[in-house]
Amino acid sequence: CGAEPMKIKFVKPYSYYQVIGKDEEYSILITDIEEWLKKVRDDDLKYLRINVRPENMILRVLPVLSIISRPSITLESSTRSEDDLTHKLVDILRINERIKATIDSGAPQIIIEDLWSLLQYHVATYFDNELGGVPPARHRSGRPLKTICQRLKGKEGRFRNNLSGKRVNFSARTVISPDPNIDINELGVPKLIAKDMSVPERVTDYNIERLRKYILNGSNYPGASRIVTKDGKNKRILDNNKEDIAETLTIGDVVERHLMDGDIVIFNRQPSLHIGSMMCHKVRVMDGRTFRINTAVCAPYNADFDGDEMNMHVCQSEEAVVEEEVLMGINQHIMSPRYGGPIIGGRHDHVSGMYILTNKEKISREVALQITGGILKLPEEKTDFTGKDIFSLLLPKDLKTNYVNKFKENVLIENGKLTEGSIDAEGMSGELVQEIFNNYGPDAAADFINKSTKMAIRATAIYGFTLGIDATDTTNDATVKINIKQEMNAEKLRHHHLLIMFR
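284 is the number that the working numbering gives to position 284 of the sequence shown; each next residue is one higher, with no gaps.
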């Protein structure tokens, strides 16, 4: 358009200055900016793919929330206390009226600009009272006002606390703790929670006697809490009616029994940021008061055990159970959708234990039985094993792979036997897990993780993993370097003294 461009300086949060030369700056009024924006042609906006008029970004009319969203409360002393937003709106109205009166009285421009800046401050803090570089608006007590942004964002905000997070039935929440002895797809559930949760089970010829026992147990685990008859009647099971209900139980009724081993549940850790934040587990009822999970599944949940709490949701229909097992099962989510590698696998103690085990040259049958007992079967004809022999029992018989581990060792597996190298993190949760998952399926990968992690923990318990005083000894190369460094420092010091003497 031929106009000479101006150099504009923006000072957060809402001040604009025109820069002239090196040192001169002039404040730009919002009315001037509004006039410039009004001159932008619709054709130019269409070319820039902007579908609104730019001058509408400057507030001429301030929307006011309904009184329902900012209710006043009456205190015990019969005094009325207004909401923080109402206080801010009153401040905005008061300053707005002062600006009008000041302009009408013909006051100097500098006074009008000061009041204008104060109005901008009140409007800005009405929307967000945590702006950088702007002092927050406060009560007389010194407490910062809770304005619009503070009501929306954060854990206690409108989105996460009220809209995304809702109270639901058939759910439980408690602290989590680690248990390396359960499978990755299992969830240790406290018996107290199992008694409070209920699973509907339809009565058939095959389970009628079992369900009768649950009804007679009543509130004692394993028991039942309620029955829905075929004609839709809902009966609560109490001590004074459980015998009658058990006698009249018929095929087609639905018994709401306690949560038991093998039931399918959804386990969730907030914030639920990706698909791995909610996965399906099989229940294992245990003593104690915490949920127990295998440490190999911490990564997708981003869980640790410093006080984290997690949520459990109990399925209420056969269709839901099937959907969870097929779509949300742990086995289906071993591979990360983000980077294509395993996100579930051995870590920390698992890696240390398996590295120690696969470096052992001779293991007696007695020790080998301690490591593998209840996990896999040892060949009967052998009396002595190497760590590689024991690890090879975990692998599919026709597995062939070759990779370099983190110690730059070549790891070679031929026909299901580890012949070269040591198993480290790449084997417990990297290349090897990915190879098994891709070639043998998710169930084989889950089975490998379950068995290898348990064996690694046992190996750590048997052989130990600690430091002795000799671990602090320096190597010969390091000792030579230290001596050279000390001699160089002594020589520098001698030269320094000579320079001082001859000055």
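All residues carry an ideal CB built from backbone N, CA and C; glycine is no exception.
Buried or exposed by the 16-neighbour rule on C-beta atoms within 10 Å, applied to residue i
i	result
Leu-211	buried
His-139	exposed
Tyr-206	exposed
Lys-242	buried
Met-6	exposed
Gly-353	buried
Phe-159	exposed
Arg-269	buried
Val-52	exposed
Phe-465	exposed
Asp-253	buried
Val-433	buried
Pro-180	buried
Glu-201	buried
Cut-off 7 Å between Cβ atoms - residues of its own chain near residue i, not counting five sequence neighbours on either side
i	result
Asp-520	Summary: the structure shown does not reach residue 520, with the chain confined to residues 1 through 503, and so no result is reported for it.
Ile-30	Ile-58
Rounded separation between residue i and residue j - CA only
i	j	result
Ala-446	Met-335	11 Å
Ser-164	Ile-413	48 Å
Asp-389	Leu-418	7 Å
Leu-394	Leu-378	11 Å
Arg-289	Ile-176	9 Å
Val-351	Ile-184	16 Å
Lys-382	Arg-365	8 Å
Ile-449	Pro-190	25 Å
Ala-459	Glu-319	42 Å
Lys-153	Leu-131	14 Å
Arg-80	Val-90	15 Å
Asp-473	Met-455	32 Å
His-497	Gln-486	17 Å
Pro-13	Asp-128	11 Å
Glu-25	Lys-9	9 Å
Lys-233	Arg-226	10 Å
Thr-372	Lys-451	9 Å
Glu-324	Ile-330	10 Å
Thr-229	Val-314	22 Å
DSSP three-state assignment for residue i, whether helix, strand or coil
i	result
Gln-18	strand
Arg-347	coil
Asp-470	helix
Cys-149	helix
Lys-9	strand
Tyr-221	coil
Cys-298	helix
Val-40	coil
Val-505	Past the boundaries of the shown model lies residue 505; the chain is included only from 1 to 503, so the question cannot be answered.
Thr-74	strand
Ala-303	coil
Arg-338	coil
Lys-417	strand
Ile-176	strand
Arg-212	helix
Lys-235	strand
Arg-140	coil
Gly-154	coil
Lys-492	helix
Met-328	coil
Cut-off 8 Å between Cβ atoms - residues of its own chain near residue i, not counting five sequence neighbours on either side
i	result
Lys-397	Asn-415 and Gly-416
Glu-238	Correcting the residue identity first, residue 238 is Leu in this sequence and not Glu. Hits under 8 Å: Gly-218.
Ser-422	Tyr-355, Thr-358, Asn-359, Asn-405, Phe-407, Glu-409 and Val-411
Ala-368	Leu-378, Phe-385 and Ile-390
Leu-187	Val-265, Phe-267, His-281, Lys-282, Val-283, Arg-284, Phe-291, Arg-292, Ile-293 and Met-312
Ser-272	Met-278
Asp-99	First, the amino acid is wrong: residue 99 is Ile here, not Asp. These residues qualify, in order along the chain: Ile-112, Leu-115, Trp-116 and Leu-119.
Arg-347	Thr-295, Ala-296, Cys-298, Ala-299, Ala-425, Met-428 and Ser-429
Lys-88	His-122, Thr-125, Tyr-126, Ala-137, Leu-145 and Thr-147
Met-328	Ile-266, Met-278, Met-279 and Cys-280
Integer Cβ distance of residue i from residue j, believed to fall under 8 Å
i	j	result
Ala-224	Glu-256	6 Å
Thr-102	Ile-111	6 Å
Ile-28	Gln-18	6 Å
His-333	Gly-387	Rounded, the Cβ-Cβ distance is 30 Å, inconsistent with contact.
Phe-437	Pro-342	7 Å
Glu-55	Leu-37	4 Å
Thr-174	Glu-309	6 Å
Beta-carbon proximity list for residue i, same chain, < 6 Å, skipping 5 on both sides
i	result
Glu-435	Thr-401
Ala-194	His-258, Leu-259 and Val-285
Ile-363	Phe-385
Asp-477	none
Thr-453	Ala-296, Gly-346 and His-350
Asn-439	none
Residue i: CB within 7 Å of a non-hydrogen atom of the ligand HEM
i	result
Lys-230	Ligands are entirely absent from the displayed structure, and the ligand HEM is therefore not among its contents.
Min CB distance residue i to chain D below 8 Å
i	result
His-87	Considering every chain present, this structure includes no chain D. It has just one protein chain.
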